[in-house]
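Student: Just passing along the structure, written as structure tokens.
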Amino acid sequence: MRVENPQSQYIRSCGTGADLAAGSRAHEVTSNQPVVCEFDNTWYSYGGGEPAVESVSFQIQKGDFAAILGPNGSGKTTLLRLALGLLKQSRGSVELFGEPSGRFRDWSRVGYVPQRLEGLGTRFPATVEEIVEQGLYQGFDPLSMFRRRGRKKVYDALEIAGISDLRQRPIESLSVGQRQRALIARAIVGDPDLLCLDEPVSGVDAVGRDRFHELISSLNSEYGMTVFLISHDIGAVMQGASVCACINRTVVFHGPPHSITGDHLSELYGFPVDVLLHDALHEHR
Amino acid sequence: MPEVFEFEFMRRALIGGSMVAVLAPAFGLFIVLRRLSLIADTLSHVALMGVAIGFVTSIYPTFVALIATTSSAAAIEQLRSRGRLPGDAALAVFLYASLAIAVIVISKSSGFNADVFGYLFGSVLSIDDPDLFLIAGLLVVVILFVIAFFAELTQSAFDQDLAHTSGVRVTATNLALAILTGATVTASMQVVGVLMVGALIVIPALAALRLARGFRTALILSISFGLLSVWIGLIVAFYGDIAAGGSIVLTTVAMLILAESIRRIRDRIEPKRASKSTAI
């Protein structure tokens, strides 16, 4: 499935230093929107050791395509897990839709795609369709064993994710990319307001990565889902995201992706980095 | 009527064994998928400690074992979920501590070694009414639990983080699963004995996972393999005059081999599904 994302085209076309202000406008468009996720002076350390996350403060607003960039071990995944209430911050606060993430209960508003599954490698007995159906869980139902709910929604989610033909396949028989698409379908089947993805394309080949990023962009631009993407793929983030936070335990940069400079990236990765904008190169030729 | 059904003790063994054959593999499926197979072995040693204490204190040993296994299962789950100890380390601590207590209690009390022997290797042929009532009660609880919490159990087995972000109360589900696993171990030890109880819980589930493509099918197959193992194992033990526990466990292994063979044949017969049809 290929869906044109007007926003990503816009950012690509204005991806030169001269048009950074336009890039900022792309972010400002959403600046008056309600806050979906907010970190306020958030700290976290594993086992009481060195902080994995230090004094992080930023917001993700409704409609944002927010990308969190950073090197390995920079605390990106920790931030996402804090937002989802899977970890509890040591200090500060983390809110999801205005509620402390640890007490958040309205999970139908959130879709989550993890980097990898716990059960990966085990022979998990479920078809793609059954896994996607799990995303429609709406609380305790003593007769859930005998019900198959939301079949139309499941088929729609599979179609959006581009894997309708894999519906009856066992989940464990899929390739990494196919499995990630199945997890996307599971995440969006309940039509969530916020889609959280933790490096969803790790282990996927280059072509697959591009298609995957197109899919995520379309979920943001066409279906209005706020996206919270953890990634280390700077190129993809520059093309698709409307706002970016560069993290290396603390926030190095927060703003529109095209405001990121070489200095920001040097600070982020700890070595000198030059930024080459491909659109600019084409223009100069 | 076949000779095997003419004896009261065999009829009791078949009834008790059949109930356990439903109980143990039903839970085994969730335990295997969560990679917690060792919990059955650990809790069986805890059950042995309970039995030994029961003999010493003259309290119904199965009841003491039930209390010991369920409370230990809850403690293990708490230690694991709070990250106080890695899951396998918590299991190891409980296994060796309870085994040590059992050894000390048994060594100090010389009068009941023969009875303990029955718990170690199974005594399905000597199941009495209280045992049958206990197993039947557990069977009802477990069936209701699995049916009522099927969605929560399958979500937690697939991925705990995904289950949490779907709204499943993962901690409570895990705790209930652990406690009922403890109870299942206690019920199953009557049939195959403490030393082999893990086999009846884990191996039918493994066999089912070789064949099943859906979760409901896996659950039905797991229970079916458990029932077949107990029935065939008991009949072979009766006519071959061998230990029933060992016979049942070896039949579960035969079921696993059978399931793997069927799977391989099926994979050869079925045309390979095209995996290139999708974008990625």
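Protein chains in written order, with my numbering: chain B, 5 to 289; chain W, 513 to 792. The beta carbon of each residue, even a glycine, is placed where N, CA and C say it ideally should be.
1. Taking C-alpha atoms, which residue in B/E203, B/I164, B/Q182, B/S206 lies nearest to B/I192?
2. Along the stretch 127-142 of chain B, what residues have a CB closer than 8 Å to any CB found in chain W?
3. Return the residue from the list B/A130, B/V40, B/I167 that minimises the CA-CA distance to B/E103.
4. Taking B/S148 as the query, report the chain W residues whose CB atoms sit under 7 Å from its CB, ordered along the chain.
5. Determine the chain W residues that contact B/R107 at a beta-carbon separation under 9 Å, and present them in chain order.
6. How about B/P129 and W/A675: are their beta carbons less than 8 Å apart?
7. Per the DSSP calculation, W/L555 is bridged to which residue(s)?
8. Following the continuous beta strand (DSSP E) through W/G540, name the residue where it begins and the one where it ends.
9. Going by C-alpha distance, which of B/P38, B/Q138, B/G67 is nearest B/F101?
10. What is the C-beta distance between W/I760 and W/S741, in whole angstroms, given that I count them as a contact (C-beta under 8 Å)?
11. Going along the chain, which residues of the stretch 674-686 of chain W sit with their C-beta nearer than 7 Å to a C-beta in chain B?
12. Are the beta-carbon atoms belonging to W/R775 and W/L723 less than 8 Å from one another?
13. At what residue ranges does the stretch 70-103 of chain B contain a whole run of the beta strand (DSSP E), taking only runs of 3 or more?
14. Does W/I771 pass the burial test, meaning 16 or more other C-beta atoms within 10 Å, or should it be called exposed?
15. DSSP three-state label for W/P598, please.
16. I need the straight-line Cα distance from W/L591 to W/L689, nearest angstrom please.
17. Which whole-angstrom value describes the C-beta separation of W/T581 and W/V714, a residue pair presumed to lie in contact below a C-beta threshold of 8 Å?
18. Using a cut-off of 8 Å between C-beta atoms, extract the partners of B/V114 located in chain W.
19. Measuring alpha carbon to alpha carbon, tell me which of B/D195, B/E54, B/G139 ends up nearest W/S668.
20. Here's the rule: buried if 16 or more other CB atoms are within 10 angstroms of the residue's CB, otherwise exposed. What is W/I551?
21. Are the beta-carbon atoms of W/L721 and B/R153 separated by less than 8 Å?
22. Taking just the CA atoms, how far does W/S593 sit from W/L650?
23. Comparing the CB of W/S759 with every heavy atom of the ligand PLP, is any distance shorter than 7 Å?
24. Which residue from B/G52, B/L83, B/V208, B/Y159 puts its Cα closest to that of B/C200?
25. Which residues mark the beginning and the end of the alpha helix (DSSP H) in which B/Q65 is found?
26. Under the DSSP definition of a beta bridge, which residues are partnered with B/E42?
27. Please check the pair W/L739 and W/A536, which I expect to be a contact at CB under 8 Å, by giving their CB distance rounded to whole angstroms.
Tutor: In this structure, then:
1. On the first sequence, position 188 is the one that residue 192 of chain B refers to. Closest option to B/I192, judged by alpha-carbon separation, among B/E203, B/I164, B/Q182, B/S206: B/I164.
2. The stretch 127-142 of chain B vs chain W, Cβ under 8 Å: R127, F128, P129, A130, T131, E134, I135, Q138, G139, Y141, Q142.
3. For this step, residue 103 of chain B is matched to residue 99 along the first sequence. Ranking B/A130, B/V40, B/I167 by Cα distance to B/E103 puts B/V40 first.
4. Stepping through the first sequence from its first residue, residue 148 of chain B is reached at position 144. Within chain W, the C-beta atoms nearer than 7 Å to that of B/S148 come from F662, A663, in chain order.
5. The residue given as residue 107 of chain B occupies position 103 in the first sequence. None at all; the shortest Cβ gap to chain W is about 13 Å.
6. What you label residue 129 of chain B is simply residue 125 of the first sequence in a count that begins at 1. What you label residue 675 of chain W is simply residue 163 of the second sequence in a count that begins at 1. The answer is no: Cβ separation not under 8 Å.
7. What you label residue 555 of chain W is simply residue 43 of the second sequence in a count that begins at 1. Paired residues: none, contrary to the question.
8. The sequence position of residue 540 of chain W within the second sequence is 28, counting from 1. Segment 520-545 is the alpha helix (DSSP H) holding W/G540; no beta strand (DSSP E) there.
9. The residue labelled residue 101 of chain B in the question sits at position 97 within the first sequence. Nearest neighbour of B/F101 by Cα position, chosen from B/P38, B/Q138, B/G67, turns out to be B/P38.
10. Sequence index remark: in the second sequence, residue 760 of chain W carries index 248 (1-based). Sequence index remark: in the second sequence, residue 741 of chain W carries index 229 (1-based). About 6 Å separates the two Cβ atoms, so the contact holds.
11. Contact residues of the stretch 674-686 of chain W toward chain B are L674, H676, T677, S678, G679, V680 (C-beta to C-beta distance below 7 Å).
12. Here the question's residue 775 of chain W lines up with position 263 in the second sequence. Here the question's residue 723 of chain W lines up with position 211 in the second sequence. Yes; because the gap between Cβ atoms is below 8 Å, this pair is in contact.
13. 95-100
14. Sequence index remark: in the second sequence, residue 771 of chain W carries index 259 (1-based). For the record, residue 771 of chain W in the displayed sequence is Ala; it is not Ile. It counts as buried.
15. As a position in the second sequence, residue 598 of chain W is number 86, starting the count at 1. In this structure, W/P598 counts as coil in the three-state DSSP scheme.
16. Your numbering for residue 591 of chain W matches position 79 in the second sequence. Your numbering for residue 689 of chain W matches position 177 in the second sequence. Between W/L591 and W/L689, the C-alpha separation is close to 15 Å.
17. Reading the second sequence from its first residue, position 69 is the one you call residue 581 of chain W. Reading the second sequence from its first residue, position 202 is the one you call residue 714 of chain W. The C-beta distance from W/T581 to W/V714 rounds to 16 Å, too long to meet the 8 Å contact threshold.
18. Counting from 1 along the first sequence, the entry for residue 114 of chain B is found at position 110. Using a Cβ-Cβ cut-off of 8 Å, B/V114 is close to T677 of chain W, given in chain order.
19. Locating residue 668 of chain W in the second sequence gives position 156, counting from the first residue. Considering only alpha carbons, the answer is B/G139.
20. Residue numbering aside, residue 551 of chain W sits at position 39 when the second sequence is read from its first letter. Looking at its Cβ environment, which holds 16 or more other Cβ atoms inside 10 Å, W/I551 is buried.
21. Taking the second sequence and counting its residues from 1, one reaches residue 721 of chain W at position 209. Taking the first sequence and counting its residues from 1, one reaches residue 153 of chain B at position 149. No.
22. By one-based count along the second sequence, residue 650 of chain W stands at place 138. By one-based count along the second sequence, residue 593 of chain W stands at place 81. Distance between W/L650 and W/S593, taken at the CA atoms: about 25 Å.
23. With respect to the ligand PLP, the structure offers nothing, as it holds no ligand at all.
24. For the purposes of this step, residue 200 of chain B is identified with residue 196 of the first sequence, where counting begins at 1. Among B/G52, B/L83, B/V208, B/Y159, the Cα nearest to that of B/C200 belongs to B/L83.
25. What you label residue 65 of chain B is simply residue 61 of the first sequence in a count that begins at 1. Segment 55-65 is the beta strand (DSSP E) holding B/Q65; no alpha helix (DSSP H) there.
26. Mapped onto the first sequence, residue 42 of chain B falls at position 38. Beta-bridge pairing links B/E42 to B/Q63, B/E99.
27. Numbered from its first residue, the second sequence carries residue 739 of chain W at position 227. Numbered from its first residue, the second sequence carries residue 536 of chain W at position 24. 11 Å between Cβ atoms; not a contact.
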